[in-house]
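For reference, the structure is listed below as structure tokens.
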Amino acid sequence: MRKGIHPDYVECRVVCSCGNTFVTRSTKPELHVELCNQCHPFYTGQQKFVDSGGRVQRFADKFGNAAAAVMEREAAEREARRKAAEEAAAKLKAEREAKAAEKASRAARFEVKQAVESGEAAADGSAEAAESAE
Numbered sequence: 042m043r044k045g046i047h048p049d050y051v052e053c054r055v056v057c058s059c060g061n062t063f064v065t066r067s068t069k070p071e072l073h074v075e076l077c078n079q080c081h082p083f084y085t086g087q088q089k090f091v092d093s094g095g096r097v098q099r100f101a102d103k104f105g106n107a108a109a110a111v112m113e114r115e116a117a118e119r120e121a122r123r124k125a126a127e128e129a130a131a132k133l134k135a136e137r138e139a140k141a142a143e144k145a146s147r148a149a150r151f152e153v154k155q156a157v158e159s160g161e162a163a164a165d166g167s168a169e170a171a172e173s174a175e
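The sequence shown runs 42 to 175 under the numbering used here.
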């Protein structure tokens, strides 16, 4: 290091606005500070709001209940999705029932048609048997 260009490093007395004083080392012999570890809210656990013109209150009014509004909106969306799912399930069930009813109707018509055809075949067969018996 070059000599003569560096300031002296002396003991320094630090005085806080709360009245606390302590000694450390610095290039200045005395320092005046507004906050120290004895009065700073982070260290003391106390919180001080310096509210100029109601800004904190306006912020709380504007965004304070935003979390509750988001929760309500999400609950409404979940309810809407649940109702839509129930309606879709009911519609699908109705379609299945209609399809099953149509299938049963076709099966009944087919059975009637088969019965008529087998009756005609039996009638034709009995008529042929009667003719051959003669």
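All C-beta atoms in this analysis are idealised placements derived from N, C-alpha and C, irrespective of residue type, glycine included.
Near histidine 73, what residues of its chain come up, given a Cβ to Cβ distance below 6 Å and the 5 sequence neighbours on each side ignored? As a first step, residue 73 must be located in the sequence shown, where it is residue number 32. Annotation for histidine 73: Val56 place their beta carbon closer than 6 Å to its own, counting only its chain and skipping 5 residues before and after.
The ligand GTP and tyrosine 84: does any heavy atom of the ligand fall closer than 7 Å to the residue's C-beta? By its list of ligands, the structure shown contains no ligand whatsoever, and the ligand GTP lies outside what it can speak to.
Does the stretch 98 to 108 come into contact with the stretch 76 to 86, if we say contact requires no fewer than three beta-carbon pairs (one atom in each stretch) closer than 8 Å? Contact fails between the stretch 98 to 108 and the stretch 76 to 86, because fewer than three Cβ pairs, one in each stretch, are under 8 Å apart.
Under the three-state DSSP convention, the category lysine 68 falls into: What you label residue 68 is simply residue 27 of the sequence shown in a count that begins at 1. Note that residue 68 corresponds to threonine in the displayed sequence, not to lysine. Three-state result, threonine 68: coil.
Coil, strand or helix - glutamate 75 by DSSP: Taking the first residue of the sequence shown as position 1, residue 75 is located at position 34. In this structure, glutamate 75 counts as coil in the three-state DSSP scheme.
From Cys59, Arg150 and Thr68, pick the residue whose C-alpha is nearest to that of alanine 46; which is it? Residue mapping note: residue 46 aligns to position 5 of the sequence shown, counting from 1. What sits at residue 46 in the sequence shown is isoleucine, not alanine. Ranking the options by Cα distance to isoleucine 46, first place goes to Thr68.
Could you please give me the residues that DSSP links to phenylalanine 63 through a beta bridge? If you number the sequence shown from 1, residue 63 lands on position 22. Phenylalanine 63 is bridged to Val55.
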